[in-house]
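Below is one structure; the comments refer to it alone.
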Amino acid sequence: MTRPISARISLSALQHNLGTVRRYAPQSRIAAVIKANGYGHGTLRVAHALQQADAFALLNVEAAAQLRHAGFAHPIVMLEGMFTRDEVADYVAQHLIPVLHQPEQLEWLLQADLPRPFDVWVKLNTGMNRLGFPPAQLPQLLAQLQASANVNRITLMTHFANADIVGGADAQLCRFSSAVAGLDLQSSLANSAALIDLPDTRADWVRPGIMLYGASPFAERSAAALGLQPVMTLQSRIIATQMLQPGDSAGYGSLFTATAPTRIGTVACGYADGYPRHAPTGTPVLVDGARTRLLGRVSMDMLAVDLSQLPQAGVGSAVTLWGEGLPVDEVAQAAGTIGYELLCALAPRVPLLED
Ligand SMILES: *Cc1c(COP(=O)(O)O)cnc(C)c1O
Numbered sequence: 001m002t003r004p005i006s007a008r009i010s011l012s013a014l015q016h017n018l019g020t021v022r023r024y025a026p027q028s029r030i031a032a033v034i035k036a037n038g039y040g041h042g043t044l045r046v047a048h049a050l051q052q053a054d055a056f057a058l059l060n061v062e063a064a065a066q067l068r069h070a071g072f073a074h075p076i077v078m079l080e081g082m083f084t085r086d087e088v089a090d091y092v093a094q095h096l097i098p099v100l101h102q103p104e105q106l107e108w109l110l111q112a113d114l115p116r117p118f119d120v121w122v123k124l125n126t127g128m129n130r131l132g133f134p135p136a137q138l139p140q141l142l143a144q145l146q147a148s149a150n151v152n153r154i155t156l157m158t159h160f161a162n163a164d165i166v167g168g169a170d171a172q173l174c175r176f177s178s179a180v181a182g183l184d185l186q187s188s189l190a191n192s193a194a195l196i197d198l199p200d201t202r203a204d205w206v207r208p209g210i211m212l213y214g215a216s217p218f219a220e221r222s223a224a225a226l227g228l229q230p231v232m233t234l235q236s237r238i239i240a241t242q243m244l245q246p247g248d249s250a251g252y253g254s255l256f257t258a259t260a261p262t263r264i265g266t267v268a269c270g271y272a273d274g275y276p277r278h279a280p281t282g283t284p285v286l287v288d289g290a291r292t293r294l295l296g297r298v299s300m301d302m303l304a305v306d307l308s309q310l311p312q313a314g315v316g317s318a319v320t321l322w323g324e325g326l327p328v329d330e331v332a333q334a335a336g337t338i339g340y341e342l343l344c345a346l347a348p349r350v351p352l353l354e355d
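Note that our numbering numbers the sequence shown so that position 256 is 256, with each residue one more than the last.
What follows is the structure, given as structure tokens:
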């Protein structure tokens, strides 16, 4: 018998969530963001389920080559662009679209001897101060790009720092709009939070990530309320039970001490599976579909749950750590993080099952 942990990936939920993106932004084309191993769900698996997307967005040429090798002909936008001059050759070979955000990348592209011109996205830094050119440089950049035989279609983009907060994108949107005013170029602004809440950011292209995977980009709004279905369900089983008497403690650090007779279950899931070690006592867990709570410190391979209200539960009982019936966002909130981090941090040792 193999260790009972697995992550079930619902392909129909992925497709449902892509449909939800389309309902929010019916006029936009969708660049499905499948970086970070498809937010932990598997790059190729996600790409297959999201064939109807208009493009994919990735970070590394290895993942892009994987897609091309599997037969995907979609445009692939590379969100950090080339990391070295040498990578220009990979972009040519794989037909990739770089996001240009640094003068060095511009130089590499303009100086290359290319067999055909590239489509490029040009990123403007409108206030995130992570990647992108200052908007004031745009006229000069465009002049350079448009004069080059290496450049075909130019799309302008930016990325919001606070699209998940009411009014948080206003200043950046304003800077972007004034920089691109009067230009006849396509643009792309919105991540999940922006495309859900801010109609003005639903430009030619939207770039949803987290919502495709059925988690919420907002701290205070559930994924279900946004019309999203959970894609990943992390599930395991109870492999042992213990009976604690008052004064007995459970796990490393003895962080939980029983004050009454308490039956607990040991679950085959720990931080080496990607479950957050910082999840405290009280973090919600489902046992046989019923809500209970985590107890004590999460170990590398195991964690403990409270079975005192679940007399039927025992060895072999099904445990859901997050997913169907238990939003990943709730678990993340209890652990002081966000759903994004939990999904992306799923460990390679957890088998992914398609469903
Ligand atoms: C990751 C990323 C996205 C997707 O963001 P979500 O919040 O997951 O929707 C969009 N654009 C850029 C530039 C990104 O890096």
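We treat Cβ as the ideally placed atom computed from N, Cα and C, and that holds for glycine. All values reported here derive from a predicted model rather than from experimental measurement.
> Under three-state DSSP, which class holds A194?
Replying inline: helix
>> Does D204 come out as helix, strand or coil in the three-state DSSP assignment?
In response: coil
> Does the stretch 197-210 come close enough to the stretch 18-30 to have 3 or more Cβ pairs within less than 8 Å?
Replying inline: yes
> Does any heavy atom of ligand 1 sit closer than 6 Å to the C-beta of V33?
Replying inline: yes
> Which class does T257 belong to by DSSP, given the choice of helix, strand or coil?
Replying inline: strand
> Do I239 and A304 have their C-beta atoms closer together than 7 Å?
Replying inline: no
>> I'd like the list of long-range same chain contacts for M300, defined as Cβ closer than 8 Å, with 5 residues on each side in sequence excluded.
In response: G270, Y271, A272
> So, helix, strand or coil for E80, using DSSP?
Replying inline: coil
>> Pop quiz: M211 and T43 are said to be a contact at Cβ under 8 Å. What is the actual Cβ separation, rounded to whole angstroms?
In response: In fact, because the Cβ distance is near 18 Å, the residues do not count as touching under 8 Å.
> Around the C-beta of R297, are 16 or more other C-beta atoms found within 10 angstroms, so that it is buried, or is it exposed?
Replying inline: buried
> Anyone know if the C-beta pair for P276 and A260 falls short of 7 Å?
Replying inline: no
>> Less than 7 Å between C-beta atoms, sequence neighbours within five positions excluded: which residues of the same chain meet that for L326?
In response: P284, L286, T320
> Just curious, the beta strand (DSSP E) that E354 is in, first and last residue?
Replying inline: 352-354
> Going along the chain, which unbroken runs of the alpha helix (DSSP H) with 4 or more residues stay wholly within the stretch 56-104?
Replying inline: 61-69, 87-94
> Could you check where the beta strand (DSSP E) with Q242 kicks off and where it finishes?
Replying inline: 232-244
> Under 6 Å from any heavy atom of ligand 1, does the C-beta of R207 make it?
Replying inline: yes
>> Can you tell me whether P230 sits near ligand 1, meaning its C-beta is under 6 Å from at least one heavy atom of the ligand?
In response: no
> Around the Cβ of Y357, are there at least 16 other Cβ atoms within 10 angstroms (buried) or fewer (exposed)?
Replying inline: Nothing can be reported for residue 357: it is not among the residues displayed for the chain, which extend from 1 to 355.
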